[in-house]
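Numbering (the working numbering), first residue to last: 953 to 1165. Cβ atoms here follow ideal geometry from the backbone N, Cα and C, with glycine treated the same way. Worksheet: one structure, shown below.
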């Protein structure tokens, strides 16, 4: 009887830590937008040329196309991630309950996607594909971040926080590893827990109603 009780207490503690992590990252996003005239941090898939690395949305001619640079929570080699200084403690970006939270796949160009993921509402920048999103244009009822693990494919609602690679190199995992549900932080900075009656099969499966995206 003692072991199940201890496991339950550990799971609950990890869920609380996860929630705290997400709240901190969410507040970092809000802080970023305050400093950047309301713009959300960019998902920078490509590199920036020298002299333009502090710009959130450089012109095409000041960007360098790069492969396998899609892990949004790294600073890259050239300080291309403007958001980095707001959340340098990378441990906050991984759910503490994930059984492979430090795992890296052997296949080059792929990474076990066990961090928090970002919704499509974040602004993104790649060469020839510029998108700018202002914080005030997004409803507070929308998801900013979710506690979720890897998918074998992308969806219209999110991009994965991992290096790119073929679907065969990604390890799929169920959502809500530790507490049969998921934490989500909203664009006003608050975090809610969504219990699962079953493991969701897609973003549109309950409780992922379209109103959250």
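| query | Quick one: is residue 1017 buried, meaning 16 or more other Cβ sit within 10 Å of its Cβ, or exposed? | reply | For this step, residue 1017 is matched to residue 65 along the chain shown. Residue environment analysis places residue 1017 among the exposed positions, since fewer than 16 neighbouring C-beta atoms fall within 10 angstroms of its C-beta.
| message | For residue 1048, which residues in the same chain have their Cβ closer than 7 Å to its Cβ, ignoring the five residues on either side in sequence? | response | Counting from one through the chain shown, the residue named residue 1048 turns up at place 96. Around residue 1048: 966, 969 and 970.
| said: Taking only three categories from DSSP, how would you classify residue 970? | reply: For this step, residue 970 is matched to residue 18 along the chain shown. The answer is helix: DSSP assigns residue 970 an H, G or I state.
| query | The beta strand (DSSP E) with residue 1135 in it runs from where to where? | reply | The residue labelled residue 1135 in the question sits at position 183 within the chain shown. In the DSSP assignment, residue 1135 falls within the beta strand (DSSP E) that extends over 1133-1138.
| query | If you draw a straight line from the C-alpha of residue 1004 to the C-alpha of residue 1034, how long is it? | reply | Taking the chain shown and counting its residues from 1, the one referred to as residue 1004 is at position 52. Taking the chain shown and counting its residues from 1, the one referred to as residue 1034 is at position 82. If I take the Cα positions, the gap works out to 11 Å.
| Integer-rounded CB distance, given that residue 1139 should sit under 8 Å from residue 1096 | In the chain shown, residue 1096 corresponds to position 144, counting from 1. In the chain shown, residue 1139 corresponds to position 187, counting from 1. In this structure residue 1096 is in contact with residue 1139, their Cβ atoms being roughly 5 Å apart against a cut-off of 8 Å.
| query | Can you name, in chain order, every residue of its own chain whose Cβ lies under 7 Å from the Cβ of residue 985, other than the five neighbours on each side? | reply | Residue numbering aside, residue 985 sits at position 33 when the chain shown is read from its first letter. Same-chain partners within the cutoff: 991, 992 and 1087.
| said: Please return the same chain residues whose Cβ sits closer than 7 Å to the Cβ of residue 1147, not counting the five positions on each side in sequence. | reply: Walking along the chain shown from the start, residue 1147 turns up at place 195. Once the five neighbours on either side are set aside, the close Cβ partners of residue 1147 are 1132 and 1133.
| request: Tell me, please, which residues DSSP counts as bridged to residue 1017. | output: Here the question's residue 1017 lines up with position 65 in the chain shown. For residue 1017, which the question treats as bridged, DSSP gives no partner whatsoever.
| Once you ignore the five residues that flank residue 982 on each side, which residues in its own chain have a CB closer than 6 Å to its CB? | By 1-based counting over the chain shown, the position of residue 982 is 30. Once the five neighbours on either side are set aside, the close Cβ partners of residue 982 are 1141.
| Alpha-carbon spacing of residue 1162 relative to residue 1079, whole angstroms | Here the question's residue 1162 lines up with position 210 in the chain shown. Here the question's residue 1079 lines up with position 127 in the chain shown. Cα-Cα distance, rounded: 29 Å.
| said: Beta-carbon within less than 8 Å of residue 975's beta-carbon, same chain only, minus the 5 sequence neighbours each way: which residues are those? | reply: The count along the chain shown starts at 1 and reaches residue 975 at position 23. Shown here for residue 975: same chain residues with a beta carbon closer than 8 Å to its own, the five before and five after excluded, namely 1137, 1141, 1142 and 1143 in chain order.
| By how many angstroms is the C-alpha of residue 959 removed from the C-alpha of residue 1000? | By 1-based counting over the chain shown, the position of residue 1000 is 48. By 1-based counting over the chain shown, the position of residue 959 is 7. Each residue's Cα considered, the two are about 46 Å apart.
| field | Counterpart residues of residue 999 in DSSP-defined beta bridges | value | The residue you call residue 999 lines up with position 47 of the chain shown. Note: residue 999 sits in a beta bridge opposite 1016.
| So the beta strand (DSSP E) residue 1046 belongs to, where does it begin and stop? | Taking the first residue of the chain shown as position 1, residue 1046 is located at position 94. Counting along the chain, residue 1046 falls outside any beta strand (DSSP E), and DSSP gives it neither H nor E.
| What's the call for residue 1010, buried or exposed, on a 16-neighbour Cβ count within 10 Å? | Along the chain shown, read from residue 1 onward, the residue named residue 1010 stands at position 58. Per the 10 Å Cβ criterion, buried.
| task | Taking only the alpha-carbon atoms, compute the straight-line gap between residue 1013 and residue 1085 and give it to the nearest angstrom. | result | The residue labelled residue 1013 in the question sits at position 61 within the chain shown. The residue labelled residue 1085 in the question sits at position 133 within the chain shown. Spanning the two alpha carbons is a distance of roughly 21 Å.
| query | Among 956, 955, 978 and 1045, which has the Cα closest to the Cα of residue 1094? | reply | By one-based count along the chain shown, residue 1094 stands at place 142. In this structure, 978 is the residue among 956, 955, 978 and 1045 with its C-alpha nearest to the C-alpha of residue 1094.
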